[in-house]
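Just so you know, we're using the UniProt record's numbering here: the sequence shown kicks off at 1 and counts up by one.
Here a beta-carbon is modelled for each residue, glycine too, at the ideal position from N, C-alpha and C.
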Amino acid sequence: MGTCRAGFNSARALPEAIATVKAPHASQPFDTRDRVTSFRFQPSRPLTGHIRVPGDKSISHRSLMFGALALGRSRISGLLEGEDVLATAAALRAMGATIERDGDDWLVDGVGVGGLLQPSAALDMGNSGTSTRLLMGLVASHAITAVFTGDASLSRRPMNRVIDPISLMGARFEPSPGGTLPLLLEGIEPAVPVTYRLPVASAQVKSAVLLAGLNTPGVTTVIEPVPTRDHTERMLRGFGARIEVGKEDGERVIRVHGRSDLKPCDVIVPGDPSSAAFFVVAALLVPGSDLVIENVGLNPTRAGLIEVLRAMGGNIKELDQREVGGEPVADLRVRHSVLTGISVDPALAPSMIDEFPVLFVAAAMAEGRTVTSGLEELRVKESDRLAAMAAALTGAGAQIEEREDGLVIDGTGGAPLRGSANSRTKTHLDHRIAMAMAVAGLASSNGVEVDDTAPIATSFPNFMTLIEEACT
């Protein structure tokens, strides 16, 4: 499996690494400025035919991590090869796992639970909050020390929601001011099992605690007052972990038994519903569209957007419903529809939290008013997505009221957005802002200019290609 290389092998050396990596982020407001690419998305012809979106990002991250903890070789088909997932692969390689491409698949030779090695350099997470938070949990119950760094956008995102429960298990943290990256994590073995009740609905926090529990003697318990996406529980069971999921006093309770070996698996990654969302909304908004999006994962904890768009009048049908690797999958046929504004139930937020930017675009062209609430989580994503989308859609000609926990949007009644031809969307290095406003451009009268499309590669490398394919 390889051996621990010389380098950052002591807690004393690592604080110096934090000081070293802070400077570039402070002096470079855009880490990707050498490849900034603005683009004007013009009014589109109807979206037709069949397309297939990349693999699910959440499942791709986890398949690499669980494969790295298994004893033996796992094969992953359909892995999302975006920058976020590749950052996870690089970090796992740095800690001893062997990960390589084999044709269209990826092979992972794991080191076993408890087998992670000391990384010899800081772990660069790029723009990936999922990589950072889940790997923090993974490292926390190993006797190794690691520095986590990220780009300018990720370095502004709070990590305290993971630091707090993992600290209870015995790991030690030295974050930057505000609980951000760069961050030093000193793991502990054996860690202490905990029972942790999530203060906010977060699949990342839940997963971090469960991953720390894999190498912790005893039973680690997470209590979810509000259910979140359950890929971690489904996949851990598939990899052979001892995990129990049930309900107690109306709350979801997950227990993982530590120090059990994981077995290698062959994983087939379904299409990412968060990526499909942009094409679903584009097809609903652009007149004449009739588009089939193949192989979309429809896990109930991820399908809130489809429910909301149907409630607004969206014509979305599920074809060839099936199960792939324990996940429900279908092809989605989407046809142009006149949407009607609604009040979105805040209880749906955890099942569509990443899809709200593009939902705001749909609402901006609906008939009547759409009200969203309970979305404070959007203010601490890659950007403040409430403020960013309010500004972007206002610039595109929409009527928006920004509230502390959501947006109120008065739609155009199906008419295209008519913003100034000179307006320019600020994406704030946020891939979902860029793609949501690309969809707004396709459904506009004057087009929408996006200041930087480079961040799209973090989650959807072939986004531009698929737009051309669907609109041809």
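Every unbroken stretch of the alpha helix (DSSP H) spanning 4 or more residues and falling wholly within the stretch 95-158 is given here in chain order: 129-140.
K247 is bridged by DSSP to R252. CA-to-CA, the gap between I76 and G246 works out to about 29 Å. Annotation for V408: R369, V371 and E401 place their beta carbon closer than 7 Å to its own, counting only its chain and skipping 5 residues before and after. Counting C-beta pairs with one atom in each stretch, the stretch 308-316 and the stretch 340-357 have three or more that are closer than 8 Å, which means they touch. For the set D384, D84 and L64, the Cα lying nearest the Cα of G129 is the one of D84.
Secondary structure within the stretch 343-421: the beta strand (DSSP E) runs of 3 or more consecutive residues, fully enclosed, are 369-371, 399-403 and 406-410 (chain order).
Apart from the 5 residues on each side of it in sequence, T427 sits with its Cβ closer than 7 Å to the Cβ of I433, A434, V450, D451, D452 and P455 in its chain, given in chain order. Cβ neighbours of E233 within its own chain (closer than 7 Å, five residues either side excluded): I243, V245 and I254. In the three-state reduction of the DSSP assignment, D230 falls in the coil class. Around the beta carbon of D354, 16 or more other beta carbons lie within 10 angstroms, which makes this residue buried. Proximity to I293 across L284, V334, L285 and R259 peaks at V334, based on C-alpha coordinates. D430 is positioned such that its CB atom lies closer than 7 Å to that of S383.
Secondary structure note for R432: its alpha helix (DSSP H) is the uninterrupted segment H431 to L442.
Check the Cα spacing between V286 and each of S176, A440 and A457: the tightest is with A440. With respect to the C-alpha of S202, the residue from E469, E377, T472 and F463 having the closest C-alpha is E377. By a beta-carbon distance limit of 8 Å, L262 does not contact L138. Their separation comes to about 12 Å.
Rounded to the nearest angstrom, the gap between the Cα atoms of G414 and L393 is 15 Å. Assignment of H428 by DSSP, reduced to helix, strand and coil, places it in the coil class. Here R252 is near P227, since their CB atoms are less than 7 Å apart. Ranking S120, P190, I306 and G258 by CA distance to the CA of A171 puts P190 first.
Taking the Cα positions, A94 is about 5 Å away from P119.
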